[in-house]
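Engineer: Quick one: the structure is below, questions incoming.
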Amino acid sequence: MSNLIPAVNLSVDPADLVQADRVHTSLYTDPALFDAELDKIFSSTWIWVAHESEIPESGSYKTTYIGKQPVIVVRDRKKDVHVLLNRCRHRGATVCEHKKGKTNSFVCPYHGWGYALDGSLRGIPHPESYGDCLDKSELPLVSLRVESYAGMIFATFKDDIEPLVDFLGPAKKWMDLFMKQGAGYGIKVPGEHRFRFPGNWKIQLENTTDAYHFPLVHKSFLSSVDEQTLALFDFVKGPGYVEDLGNGHSVMVMIPDLVDLEADLDKPIPERFEALAGELREEGIDEQQVRRIVRAVGGTGFNLNLFPNVACSMAFFRVLQPLSVTETEIHHSVITMDGGPAAANRYRLRLHEHFQGPMGFGTPDDSEAWERVQKGASAGDELWIMLNRGLPGERASADGRISDVSAETGMRAAYQQWKKMMSVEAQ
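Start counting the sequence shown at 1; every next residue gets the next number (UniProt numbering).
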């Protein structure tokens, strides 16, 4: 499928705005650059749109956006997944306004054109007025290319793009590890909360691979946990690392002991999970599975950034949706065990609310920091954003480049991919 967004003429070559150790402040503030990103990035690569658990049955759907274009992610009667532009082929009205649900078809509320779950045009009120000048087979909802990996569904406007597995590359290993928090039950996204902040989408993209801010920005969170948990999150000077995985993806390993949740099950159960372990034993769950569940409840010890719009972050999905050059919407999708014990999922929800929830400790503090970055970006047109932390110790790895856990390696990786996709010469 060809790009559906008109190309933007830029007065500056984006390649000049990204250096090895810094990026220009205009990446946060230039409306023309933002418009070009919608074209050259969001309409030109694989974009995460859903987890398969969000559309479990035939007729299940969710609505979302790719860049600023509204789409429907839906499972048809054969249980195949489609990603359709949410726009009637007649006069352009959206055919679905609900965030999620289940349906047999999509019907435009303006003139009643009806579409099947695969997007094909099925019904037109009073078709006689068209005579022979309308062929329904030529007017389906626009369908995007769709592929998935590890239950994560991606879509793209580009028919000639590389396969998803090639785009993900070494990130696939980390996606597989992330899914182990299902403790053998698989994972499920039962819901999400959304919020907006007055800042550019790339500010949030940077945050998920930024351990450096954690002790300062999240001081209130750290003051709310027990000593054992506090020690667990004291990772800035620890043995963790950040690794560039190629194509703009990166992983930040904060707690190496929690990379593989199915390893070291014989270790003592943390004090904060002893009550949960007791509940699970009372349900008759065998000890090995109790330990597997308890270890998985707290989530993984890493954040995986998948360029450009989703992160597998410890125990939730963080999805970013660009709204304008100075506004972004964030979706925090909680993850539970699909069919797992109610007690375990209840613990997971409480942990999610404690940090990521609207009244939690983490999200409000992060949001204020992001807002301050955007506000400061208006001070001085010729200033640069520094991304050189960890650069002196950065070295080659099997998959790319690697440095200490507080390094800005992941940010540099994302901006090099941004530069590659945005550069005038590459188009």
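Glycine included, C-beta positions come from ideal geometry on N, C-alpha and C. The model shown is predicted, which means the values in this text are computed figures rather than measured ones.
1) LEU141 to HIS354, Cα distance in whole Å?
2) Answer yes if the region 26 to 35 comes into contact with the region 143 to 154, meaning at least three C-beta pairs across the two stretches below 8 Å, and no otherwise.
3) Using a threshold of 8 Å, state whether the C-beta atoms of PHE235 and MET254 are closer than that.
4) I'd like the span of the alpha helix (DSSP H) that includes TYR347, first residue to last.
5) From this set, SER403, LYS375 and GLN289, which residue's C-alpha is nearest THR326's C-alpha?
6) Is the separation between the beta-carbon of residue 439 and that of ASP338 shorter than 8 Å?
7) Roughly how many angstroms separate the alpha carbons of LYS188 and PRO341, rounded to a whole number?
8) In three-state terms, what does DSSP make of ALA398?
9) Name the DSSP beta bridge partners of ALA50, please?
10) Could you check the C-alpha separation between residue 432 and ASP80 for me, to the nearest Å?
11) How big is the Cα-Cα spacing for ILE285 and ASP266?
12) Whole-angstrom Cβ separation of ILE300 and VAL259, contact assumed at under 8 Å?
13) Closer than 8 Å by C-beta to PRO163: which residues in its own chain qualify, once you throw out the five before and the five after it? Chain order, please.
14) Is GLY123 helix, strand or coil when you go by DSSP?
15) Does PHE42 come out as helix, strand or coil in the three-state DSSP assignment?
16) Using 10 angstroms around the beta-carbon of MET422, count the other beta-carbons present and answer buried if the total reaches 16, otherwise exposed.
17) How about the region 198 to 215 and the region 398 to 408: do they share at least three Cβ pairs that are nearer than 8 Å?
18) CA-CA distance, ASP160 and SER44?
19) Are the CB atoms of ILE55 and VAL83 nearer to each other than 8 Å?
20) Return yes when the Cβ of LYS180 is within less than 8 Å of the Cβ of LEU261, no when it is not.
21) Please classify ALA426 as buried or exposed, where buried requires at least 16 other C-beta atoms within 10 Å of its C-beta.
22) For TYR130, is the classification buried or exposed, using 16 other Cβ atoms within 10 angstroms of its Cβ as the cut-off for buried?
23) With a CB to CB cut of under 8 Å and the five nearest residues on each side skipped, what residues in its chain are close to GLN228?
24) If you measure between the beta carbons of ASN303 and ALA311, is that distance less than 8 Å?
Structural biologist: Let's see:
1) 41 Å
2) no
3) yes
4) 342 to 355
5) LYS375
6) What is shown of the chain runs 1 to 427, which leaves residue 439 out entirely.
7) 13 Å
8) coil
9) ILE153
10) In the structure as shown, the chain starts at 1 and stops at 427, and residue 432 therefore has no counterpart that could be examined.
11) 16 Å
12) Checking the displayed sequence, the identity of residue 300 turns out to be Thr instead of Ile. Yes, THR300 and VAL259 are in contact; Cβ-Cβ is about 7 Å, under 8 Å.
13) GLU147
14) strand
15) helix
16) buried
17) yes
18) 10 Å
19) no
20) yes
21) A caution first: ALA426 carries a pLDDT of 43, below 50, which makes its placement in the model unreliable, though a value can still be read off. Looking at its Cβ environment, which holds fewer than 16 other Cβ atoms inside 10 Å, ALA426 is exposed.
22) exposed
23) PRO270, GLU271 and ARG272
24) yes
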